[in-house]
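Note sheet for the following structure.
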DNA sequence: TCCAAGACTTGCCCCTATGTCT
DNA sequence: AGACATAGGGGCAAGTCTTGGA
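Numbering (the working numbering), first residue to last: 85 to 974.
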């Protein structure tokens, strides 16, 4: 149904392959020069053989075809007048200015009592541990066990008595305190299973009592290691279990390609200003009904009766901030959300955008690489690819044979059979590498004016691509830049790493745009889009097939701050909140099924338990041409070790080949079931051989409409935050409250196993801090001596320069000692925090798992300026959550 | 019922701008 | 002013889940 965008035949394109001869206007982007180290710590300087160097920074400016301003009319309804370039379109503002909240929301259950959980062990990569030990300061409850698996750190344990560190430990509570009180039956339900565990099942185990910690989802992290496992062939055995995913809620998705169609000749765009939030005229009745249902469900929690109490300082801050953002963007924004997408169909009514921008064409640098010590001339196309490789000489990819092999296979095709270069081993890319380094250096040396000019220039070229007009509202586009060519950098042991990711051309790209909107002009003269669609059941603006895996797509979407994304974000969290109402029965159900006779049923029960307790991902099947990683449903026998009496040790590579290592005490029936599932299987066989994510999710949907495995992650993350914040926040300084927040954030990150590589300079930084602390301690020693002397009427000691110190009365000295002590304490605290978080990534959970309303409400309740927690982008992304009632609880 | 296409979310790392310290 | 540290944002890979169609 798609319509041809342009009438021009493609044959003209002189786009890329033909770069050499290419008259084209492009320059390659410098993406290729970006180096990513797989493992920075191991990074070795370029291997002898290939020495390369880098490519050009192709950041050139792409000649952007003249773009005519869209003939968009500004909707009369725009909430705020836009400024300047805003073209009078209303742009959704990230924040609503007046932060008002309602008092309506229910005080919410504080029944969520959960205790901390976990223990586990991780193999977090480190290099710093040494230092840590020497410092002797890194531990305190739960915070400093860097070498432990992330999850392990959650435990309250750690007998460290905070060597001298007086960190106001924010909330030792939720994590380390054992929740002894036995709440009413259901009180715990909303809490991650793990938290309840001990009570319910008091797993004997000689192991440490499950105690507090283990109750929440255990997580943990580990080093980033890759390993390869083979996929065992699974013989899916079906189970009658799931009747066509009953869930009324689910389903109902897109009616495929809507009106793409032929007639699309760009007409004048007429953006309808009208519809916004509540207009569902365009929604099919069936959906409206659904929508209505949804609303009912949500009503109690979501609706915020606007009341006027604006809350103190924080609110002001928010206002201020929002203004700032608006000012920056120069656009006004509407504050209303789009109508709930309900389940689906129509995502927009009118859509106008400018398409995508292409990376600049490759500009040959002419630097010759060596083959067997002699210079070799390459064509621009050959040189381009050689350069992609050369710039990666100092990355870990050079240690990977697969990378080199794949690169060589693709490059040699370009070289041709009879080329001088016959193998990679005799290649020396160093000259190119060196050239690239020089280019980088030059760029660095540019004056700030030059840099600024470049930046402005780029902005000017890109401006028009940055925005889309959705239903009359100006929204930011996310990734409007087409990915430049480069070598594929797969993570872990990806079988395709090193392959050439070819240049994307207009004829690879499908555009999706409103029927009445003008089709974006193809920026490459003589070329045309592959197709132009008008599908309003989807949100993408453009896509192309991934050159590495043509079966997959790369989409251009709106930015995270857009209403469309905000809406679905909100729905995600609402679904997770809904799980609260079902969690008890779900847990009861799967507990019962631990001993079911039907194996599939038992596997579903155990898998659900693991997903709930450990926040594991679902674990879809993967192809052989992907890195060998697993999730819950794809765990291999070898990934789980049974340790009597009832502990399970998990060790596997999860998403992004991040290692998950965690030893956890489980309920006896689970322990036994795992043993049974392993029985008679080989190490590499699937642990859950009767299960896959489709079956699992179908089952979950029977328990709660719309429930899928990943909802548990959101649920557990958010509820953990909510609980820790509400239990851990005390009266006091804002800084202390922020610590409480960070602490909770960290815990969630650990639960979700969100890791990051330890920075290269971490060790050095720690040593430096230690040194400074030692120096200050020496200062104190001297001061004490002076104090002593001063009290006896003697003059103070001479300073390091041998000069006599003056004016040191005992009072002055006392004061100095106190000040220095404060300094030391702060440094020690900082150091501890740093050590603590060196391998934990806090951002991921903040962006994806923590319901922002929890944060906003907490900020309001405790007078913490929201921008202390959310940066500019998060404020924009979570605009929809800003007016939440301060009493909101997840 | 199964598979694969399709759409969207999640996740880690790199680079750059900015802030802080010396 | 230069060195260093850090936050933020972009980039893009890698997941999850739904749906259409055989």
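From the three backbone atoms N, C-alpha and C, an ideal C-beta is built for every residue, glycine too.
The alpha-carbon of residue 877 is positioned some 13 Å away from that of residue 895.
Judged by their CB atoms, residue 801 and residue 925 are not nearer to each other than the 8 Å cut-off. Its chain contains 596, 639, 640, 641 as the residues whose beta carbon lies nearer than 7 Å to that of residue 624, once the 5 sequence neighbours on both sides are disregarded; these appear in chain order. Looking at the DSSP output, residue 436 bridges to 553. In the three-state reduction of the DSSP assignment, residue 847 falls in the helix class, which pools H, G and I. Our two residues, residue 892 and residue 909, have alpha carbons roughly 24 Å apart in a direct line.
The shortest CA-to-CA distance from residue 560 to any of 636, 665, 436 is the one to 436.
Taking 4 residues as the shortest admissible run, the stretch 785 to 859 contains the following complete alpha helix (DSSP H) segments, listed from N- to C-terminal end: 793 to 812, 818 to 835. Straight-line spacing of the CA atoms in residue 578 and residue 712 works out to 8 Å. Counting C-beta pairs closer than 8 Å gives three or more between the stretch 700 to 707 and the stretch 772 to 792, which meets the contact rule. As computed with DSSP, residue 747 is found in a beta bridge with 733. Taking one beta carbon from each stretch, the stretch 531 to 538 and the stretch 445 to 455 have fewer than 3 pairs nearer than 8 Å; the two do not touch. In this structure the stretch 460 to 472 lies against the stretch 483 to 499, because at least three pairs of beta carbons, one per stretch, are closer than 8 Å. Put simply, the backbone Cα of residue 680 is about 16 Å away from that of residue 773. Annotation: the stretch 568 to 617 contains the following complete segments of the beta strand (DSSP E) (minimum length 3 residues), in chain order: 593 to 596, 615 to 617. The C-beta distance from residue 720 to residue 767 rounds to 7 Å, short enough to meet the 8 Å contact threshold. Residue pairing from DSSP places residue 720 in a beta bridge opposite 770. According to the DSSP assignment, residue 905 belongs to the alpha helix (DSSP H) that extends over 894 to 921. Taken atom to atom, the span from the alpha-carbon of residue 633 to that of residue 729 is near 46 Å. The closest CA to that of residue 456, considering only 442, 514, 433, is found on 514. Restricted to the stretch 445 to 506, the beta strand (DSSP E) segments that are unbroken, complete and at least 3 residues in length are 453 to 455, 458 to 460, listed in chain order.
Minimum Cα-Cα distance from residue 835 among the listed residues 759, 953, 697 corresponds to 697. As computed with DSSP, residue 629 is found in a beta bridge with 637. Rounded to whole angstroms, the separation of the alpha carbons of residue 707 and residue 635 is 12 Å. Closest in C-alpha terms to residue 645, from the list 557, 958, 966, comes 958. Spanning the alpha carbons of residue 717 and residue 508 requires a straight line of approximately 40 Å. A check of alpha carbon separations from residue 626 across 603, 812, 862, 653 identifies 603 as the nearest. Judged by DSSP in its simplified three-state form, residue 754 adopts helix. When beta bridges are read from the DSSP output, residue 642 appears opposite 561. In the DSSP annotation of this structure, the continuous segment of the alpha helix (DSSP H) that includes residue 652 starts and ends at 647 to 677.
In the three-state reduction of the DSSP assignment, residue 924 falls in the strand class, which pools E and B.
Residue 934 and residue 657 have their C-alpha atoms spaced approximately 8 Å apart.
If you compare the alpha carbons of 973, 841, 911 with that of residue 939, the shortest gap goes to 973.
Within the DSSP bridge table, the entry for residue 511 names 455 as partners. For residue 547, there is no enclosing alpha helix (DSSP H), since its DSSP letter is neither H nor E.
By alpha-carbon distance to residue 575, the top candidate from 740, 439, 880 is 740.
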